[in-house]
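Residue numbers (our numbering), protein chains in the order written: chain L, 700 to 950; chain P, 2 to 325. Ideal Cβ placement from N, Cα and C applies to all residues, glycine included.
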């Protein structure tokens, strides 16, 4: 077993409200792990623990243990900046920076101290190619990213994450703001990306989880009900609640 | 009763109303339109009034003193400097330059300070401190200009005077370009801070998170993403600040020294602005000397209009991003 993340006994509180209850989950390398469950079940909260984006919420308190390559990322001495360069994130609605397409992709490497123009050019080109966006934007790299369509913006955000050469890419419902065609493109992209990256994706759509993921984890009311191979979850789940959910009996 | 009902039906038909709701909607919209017309008409009335007075020196012979030459008025480098009173003594060319020069430096000082303060309040300060600072800034913005003027003539003049002494320059008690710049910078600082703070605070959190998730530090995020996203709002702050700087009269008059020729470019020289020129002796004069102040007012309005247009043009050029 080649695990990137090992999560043990994870509890998360917003003030008094417990949003995650005793989560145990391992994230395998170069696999797509999908997190499904009804709204408010804690899947987005969970994914934001993995790159410590929950640090930004003052009322959020975390107990338990999240290890990234056997290192506790909530240790006081852990390098959060370094974690976030290794574990990239794509958000629910496309959030490109109000700058040119080129600058958007070059932003991360520049912040990390990369100033070499030739190197940046290469990084930008490669990242955009990997995100299947290069052909569409190669002639207008200096145009504002805000002029792109929603789907293109989201692929730009993926390119932006790839530019940091992360090991893991977290995706928080990356297609929920997109139309079906743009969604399809992103799904194809995820399929291509999993060769080189470990992907954890939150999705509202069970069909999406079934289409693109290798493993699926089902969350309900802050608890991890079941995690298994995607095929197994969608054919013969071992928990009754999972079955109820995927057969559409609730949620 | 039936007569009234008939009237109403006729009214409804005439305006194509189908229900009572539509009538009310129409009335409310009309009310909005009327209040807009009312407030908009004030600016028109003011411009007409000032213009009416302001053109008198150029189109009449001013009770025998003679007509003022518009070109000489606009380009002249002296104001009321001569042995005998004549119509050709009025020139505002140097005053226009003074006004723009001073406002530019005032903006140059308060923009960086204001924007950094705004950034601190909006993004860095803990909630309670931010709340407190926001109130302070709002209070500062509400301080009347005469108070800034008194502060300026009480403290800044002494400061500038002593500074000039260090440089070995005689500075007329501190009345100088520098004093005006400092007073104006102080005055527009709260305006710029408050408006920039709103602009910075309204930057979408998603964009900020996007930057942090890429491993950028807080500081990198604030400077590279937040500020550039708030660019157009910050420019609006600059435009309003500049407007205030150009139009401020009372405080400026107290520390300018009212130079009668110029332009005054050295920092320790006395100076004069369009507003201080208008204000000086306004209540003690009649005839052409009174009317010409309205002409100066017209010039000021044109100057403000053009500087606003220029800044808006720059804003469009550099701030051309629509932030969701």
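Kindly indicate which three-state DSSP category residue i falls into: helix, strand or coil?
| i | result |
| --- | --- |
| residue 735 of chain L | strand |
| residue 1 of chain P | What is shown of chain P runs 2 to 325, which leaves residue 1 of chain P out entirely. |
| residue 287 of chain P | coil |
| residue 724 of chain L | strand |
| residue 204 of chain P | coil |
| residue 878 of chain L | coil |
| residue 775 of chain L | coil |
| residue 934 of chain L | helix |
| residue 717 of chain L | strand |
| residue 181 of chain P | helix |
| residue 22 of chain P | helix |
| residue 749 of chain L | coil |
| residue 262 of chain P | strand |
| residue 191 of chain P | helix |
| residue 756 of chain L | coil |
| residue 318 of chain P | helix |
| residue 171 of chain P | coil |
| residue 8 of chain P | helix |
| residue 271 of chain P | coil |
| residue 787 of chain L | strand |
| residue 163 of chain P | helix |
| residue 702 of chain L | strand |
| residue 796 of chain L | coil |
| residue 329 of chain P | Past the boundaries of the shown model lies residue 329 of chain P; chain P is included only from 2 to 325, so the question cannot be answered. |
| residue 730 of chain L | coil |
| residue 712 of chain L | strand |
Just to confirm before moving on: does the CB-CB distance between residue i and residue j stay below 8 Å?
| i | j | result |
| --- | --- | --- |
| residue 877 of chain L | residue 853 of chain L | yes |
| residue 88 of chain P | residue 67 of chain P | yes |
| residue 146 of chain P | residue 252 of chain P | yes |
| residue 278 of chain P | residue 96 of chain P | yes |
| residue 185 of chain P | residue 267 of chain P | no |
| residue 748 of chain L | residue 211 of chain P | no |
| residue 897 of chain L | residue 912 of chain L | no |
| residue 917 of chain L | residue 736 of chain L | yes |
| residue 788 of chain L | residue 753 of chain L | no |
| residue 217 of chain P | residue 740 of chain L | no |
| residue 719 of chain L | residue 710 of chain L | yes |
| residue 197 of chain P | residue 234 of chain P | yes |
| residue 863 of chain L | residue 812 of chain L | no |
| residue 208 of chain P | residue 124 of chain P | no |
| residue 315 of chain P | residue 190 of chain P | no |
| residue 708 of chain L | residue 794 of chain L | no |
Which word fits residue i, buried or exposed, when buried means at least 16 other C-beta atoms lie within 10 angstroms of its C-beta?
| i | result |
| --- | --- |
| residue 839 of chain L | exposed |
| residue 777 of chain L | exposed |
| residue 297 of chain P | buried |
| residue 879 of chain L | exposed |
| residue 168 of chain P | exposed |
| residue 85 of chain P | exposed |
| residue 945 of chain L | buried |
| residue 11 of chain P | exposed |
| residue 104 of chain P | buried |
| residue 176 of chain P | buried |
| residue 120 of chain P | buried |
| residue 3 of chain P | exposed |
| residue 165 of chain P | buried |
| residue 802 of chain L | buried |
| residue 236 of chain P | buried |
| residue 258 of chain P | buried |
| residue 872 of chain L | buried |
| residue 948 of chain L | exposed |
Assuming residue i contacts residue j under a Cβ cut-off of 8 Å, what Cβ separation, rounded to an integer in Å, is found between them?
| i | j | result |
| --- | --- | --- |
| residue 276 of chain P | residue 242 of chain P | With a Cβ gap of about 16 Å, residue 276 of chain P and residue 242 of chain P do not count as contacting. |
| residue 804 of chain L | residue 858 of chain L | 5 Å |
| residue 93 of chain P | residue 80 of chain P | 7 Å |
| residue 926 of chain L | residue 940 of chain L | About 13 Å; that fails the 8 Å criterion. |
| residue 726 of chain L | residue 836 of chain L | 31 Å between Cβ atoms; not a contact. |
| residue 294 of chain P | residue 306 of chain P | 19 Å between Cβ atoms; not a contact. |
| residue 99 of chain P | residue 265 of chain P | 6 Å |
| residue 227 of chain P | residue 180 of chain P | With 8 Å as the limit, residue 227 of chain P and residue 180 of chain P do not qualify as a contact, their Cβ atoms being about 35 Å apart. |
| residue 289 of chain P | residue 17 of chain P | 58 Å between Cβ atoms; not a contact. |
| residue 729 of chain L | residue 893 of chain L | 6 Å |
| residue 292 of chain P | residue 57 of chain P | 4 Å |
Checking contacts by CB at 8 Å: is residue i closer than that to chain A?
| i | result |
| --- | --- |
| residue 898 of chain L | Included in the structure are the protein chains L and P, with no chain A among them. |
Beta strand (DSSP E) runs contained entirely in the segment 121-156 of chain P, provided each spans 3 or more residues: Runs of the beta strand (DSSP E) lying entirely within the segment 121-156 of chain P and spanning at least 3 residues: none are present.
Whole runs of the beta strand (DSSP E) within the segment 824-883 of chain L, excluding any shorter than 3 residues: Segments of the beta strand (DSSP E) lying fully in the segment 824-883 of chain L: 867-871.
4-residue-minimum alpha helix (DSSP H) runs that sit fully inside the segment 202-240 of chain P, ordered along the chain: Taking only runs of at least 4 residues, the alpha helix (DSSP H) segments lying wholly in the segment 202-240 of chain P are 206-214.
Secondary structure, alpha helix (DSSP H): runs of 4+ residues fully inside the segment 36-103 of chain P: The segment 36-103 of chain P contains these whole alpha helix (DSSP H) runs: 57-60 and 71-76.
Continuous beta strand (DSSP E) assignments of at least 3 residues falling wholly in the segment 892-945 of chain L: Counting whole runs of 3 or more residues, the segment 892-945 of chain L contains the beta strand (DSSP E) stretches 897-901, 914-919 and 922-928.
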